[in-house]
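Right, one structure below, let's go through it.
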Amino acid sequence: MTEVGRATRVAIAASGTAAALAVGAVGVVLAVDDRQPPASNVTNPSASGVIASATQPTPAPSPTRTVPPPPPLLLPNMRSLNASDLQIEVVGNTRRLRFAASLANVGPGPLYLLPRARGDCQSGQHEAIQLLHRDANRDGKFQRSRDRVGSRRAMTGCMLRHPGHRHWHFDAMASYSLRRAGSSQALVARNKVSFCLRDNLKVRGYQVVVPRRHFGKCSRNSQQGISPGWVDLYKADLSGQWLRVPENVDSDVLCLDLKADPLDRLAETNEADNATSVAIRIDDNRVRRVNSSACR
Ligand SMILES: [Ca+2]
Ligand SMILES: [Ca+2]
9 MTEVGRATRV AIAASGTAAA LAVGAVGVVL AVDDRQPPAS NVTNPSASGV IASATQPTPA
69 PSPTRTVPPP PPLLLPNMRS LNASDLQIEV VGNTRRLRFA ASLANVGPGP LYLLPRARGD
129 CQSGQHEAIQ LLHRDANRDG KFQRSRDRVG SRRAMTGCML RHPGHRHWHF DAMASYSLRR
189 AGSSQALVAR NKVSFCLRDN LKVRGYQVVV PRRHFGKCSR NSQQGISPGW VDLYKADLSG
249 QWLRVPENVD SDVLCLDLKA DPLDRLAETN EADNATSVAI RIDDNRVRRV NSSACR
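The letter at position 191 of the sequence shown is residue 199 when you use the working numbering, and the numbering goes up by one with no holes.
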């Protein structure tokens, strides 16, 4: 039944007003007698018209059919985990703070991104569509065989070919920055770090774990993602996995901040838990973690 059909039946059954009766009369008049008053009288019925219609047997109300709501969405929840494997690399006169970065999906649903046409992205890039799954059996957990794609979000971001990694990335998956403890001002930052998204490691302590999914080679047209309960690990020696060490920070307590989805492009269950921070100290060509509450 169409929405219009439903609305008409509900009006007739529930109100009994002149307007509703007139709507009911239209169907009868048009079906059996084209000598009835012109359309202007139908849309603005006279008193006699209403009385005549009221004498007709009132159609029995049809049972109202309710359409069940679709199953709820199973959204991912992205979080950056603490930077690890900290090290200093000296390149010419520059020191680089290298570290491993991990993106965890701690939500009930998978993060899946699908490259499409160029869309609003730069030449040579692809628009990324976020695929959202519905919880078909409504158990709150993701089952790959049951809980299928139920919605798509366009223009989640862009996918591009990373020249250093030589495969395709989602362009704004994380941000990295370094600040002095107690300050909110970044000394150096990478605001838009791209990732090839895949399942590398299990999230420690996460209870609902679906089997790891192999997303292929992060090629131009391949789907990317992180399954619930899995981590995408970027090791410290990868291209771009570093921040330049600023001048005059030796011996100071610094905060190394990592944040997933910094441009807030992904739909997820919790937008407020994406960032994490570790306190560090750099002395010459050494870096170490320190205990400090200033970075939390
Ligand atoms: Ca989140
Ligand atoms: Ca389910």
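Just so it is clear, CB atoms sit at the ideal spot from N, CA and C, and this is done for glycine as well. All values reported here derive from a predicted model rather than from experimental measurement.
Give the secondary structure of A144 by DSSP, where H, G and I count as helix, E and B as strand, and everything else as coil. On the sequence shown, residue 144 is found 136 positions in, with the first residue counted as 1. In the three-state DSSP reduction, A144 falls in the coil class, being neither helix nor strand.
Count the CB pairs spanning the region 66–78 and the region 144–157 that are closer than 8 Å, and state whether there are at least three. With the rule of 3 Cβ pairs closer than 8 Å, the region 66–78 does not count as touching the region 144–157.
Report the rounded CA-to-CA distance for R14 versus P78, giving the unit in angstroms. Here residue 14 is taken as the residue at index 6 of the sequence shown, counted from 1. Here residue 78 is taken as the residue at index 70 of the sequence shown, counted from 1. Caution applies to R14, whose pLDDT of 41 falls short of 50 and renders its modelled position unreliable; the value that the coordinates give is listed next. Taking the straight line joining both Cα atoms gives about 19 Å.
So which residues touch the region around ligand 1, with touch meaning a C-beta under 5 Å from any heavy atom? For ligand 1, the selected residues are N85, M86, E276, N278, D281, N282.
Can you give the Cα-Cα distance for S92 and F107, rounded to whole angstroms? Here the question's residue 92 lines up with position 84 in the sequence shown. Here the question's residue 107 lines up with position 99 in the sequence shown. Those two C-alpha atoms are separated by around 6 Å.
I need the straight-line Cα distance from Q95 to R304, nearest angstrom please. Here residue 95 corresponds to residue number 87 of the sequence shown, with the count starting at 1. Here residue 304 corresponds to residue number 296 of the sequence shown, with the count starting at 1. Going from the Cα of Q95 to the Cα of R304 covers about 21 Å.
Return the CA-CA distance between V31 and R73, expressed in angstroms with no decimal places. Locating residue 31 in the sequence shown gives position 23, counting from the first residue. Locating residue 73 in the sequence shown gives position 65, counting from the first residue. At V31, the pLDDT of 34 sits below 50, so the modelled position is not reliable; the number obtained from the coordinates is stated separately. Inter-residue distance for V31 and R73 is about 20 Å (C-alpha atoms, whole angstroms).
Helix, strand or coil: which one does DSSP assign to S301? Along the sequence shown, read from residue 1 onward, the residue named residue 301 stands at position 293. Residue state, collapsed to three classes: helix.
Tell me where the beta strand (DSSP E) around P123 begins and ends. Mapped onto the sequence shown, residue 123 falls at position 115. From DSSP, the beta strand (DSSP E) with P123 extends over 119–123.
Any contact of the region 239–252 with the region 156–168, i.e. 3+ C-beta pairs under 8 Å? Three or more Cβ pairs closer than 8 Å define a contact, and the region 239–252 falls short of that threshold against the region 156–168.
What do you reckon, are the CB atoms on D269 and M181 nearer than 8 Å? Walking along the sequence shown from the start, residue 269 turns up at place 261. Walking along the sequence shown from the start, residue 181 turns up at place 173. Yes.
7 Å Cβ shell around R252 - same chain, five flanking residues per side excluded: On the sequence shown, residue 252 is found 244 positions in, with the first residue counted as 1. The beta carbon of R252 lies closer than 7 Å to those of T102, R104, V196 in the same chain, with the five residues before and after it left out.
Can you tell me where the beta strand (DSSP E) with Q95 in it begins and where it stops? Residue mapping note: residue 95 aligns to position 87 of the sequence shown, counting from 1. 86–99 is the extent of the beta strand (DSSP E) around Q95.
Between which two residues does the beta strand (DSSP E) containing A194 stretch? If you number the sequence shown from 1, residue 194 lands on position 186. Annotation for A194: the continuous beta strand (DSSP E) segment containing it runs 194–203.
Sorry if obvious, but does the Cβ on K149 come closer than 7 Å to a heavy atom of ligand 2? If you number the sequence shown from 1, residue 149 lands on position 141. Checking the Cβ of K149 against ligand 2 gives yes.
In three-state DSSP terms, what is Q133? Along the sequence shown, read from residue 1 onward, the residue named residue 133 stands at position 125. The three-state secondary structure of Q133, taken from DSSP, is coil.
Here's a check: name, in chain order, each residue in its chain whose Cβ is nearer than 7 Å to the Cβ of C129, leaving out the five neighbours to either side. Taking the first residue of the sequence shown as position 1, residue 129 is located at position 121. Cβ neighbours of C129 beyond the five flanking positions: E135, C166.
Through-space distance from I234 to N208, alpha-carbon basis: In the sequence shown, residue 208 corresponds to position 200, counting from 1. In the sequence shown, residue 234 corresponds to position 226, counting from 1. Cα to Cα, the separation comes out at about 9 Å.
When the distance is taken between beta carbons, is V295 closer than 8 Å to A287? Sequence index remark: in the sequence shown, residue 287 carries index 279 (1-based). Sequence index remark: in the sequence shown, residue 295 carries index 287 (1-based). Annotated as distal: A287 and V295, with beta-carbon spacing of 8 Å or more.
Reference D258; option with closest CA among R187, N229, D291: Residue mapping note: residue 258 aligns to position 250 of the sequence shown, counting from 1. Closest by alpha carbon: D291.
Pick from R273, V218, G237, A162: whose alpha carbon is nearest that of K200? Counting from one through the sequence shown, the residue named residue 200 turns up at place 192. Closest option to K200, Cα to Cα, is R273.
Check whether the Cβ of D155 sits closer than 7 Å to any heavy atom of ligand 2, and report yes or no. Locating residue 155 in the sequence shown gives position 147, counting from the first residue. A distance criterion of 7 Å places the beta-carbon of D155 in contact range of ligand 2, judged by its closest non-hydrogen atom.
Less than 6 Å between C-beta atoms, sequence neighbours within five positions excluded: which residues of the same chain meet that for L89? As a first step, residue 89 must be located in the sequence shown, where it is residue number 81. Listed in chain order, the non-local C-beta contacts of L89 below 6 Å within the same chain comprise S110, A112, local neighbours out to five positions each way being set aside.
Any heavy atom of ligand 2 within a distance shorter than 7 Å of the CB on N101? For the purposes of this step, residue 101 is taken as residue 93 along the sequence shown, with counting starting at 1. Incorrect: N101 has no Cβ contact closer than 7 Å to ligand 2.
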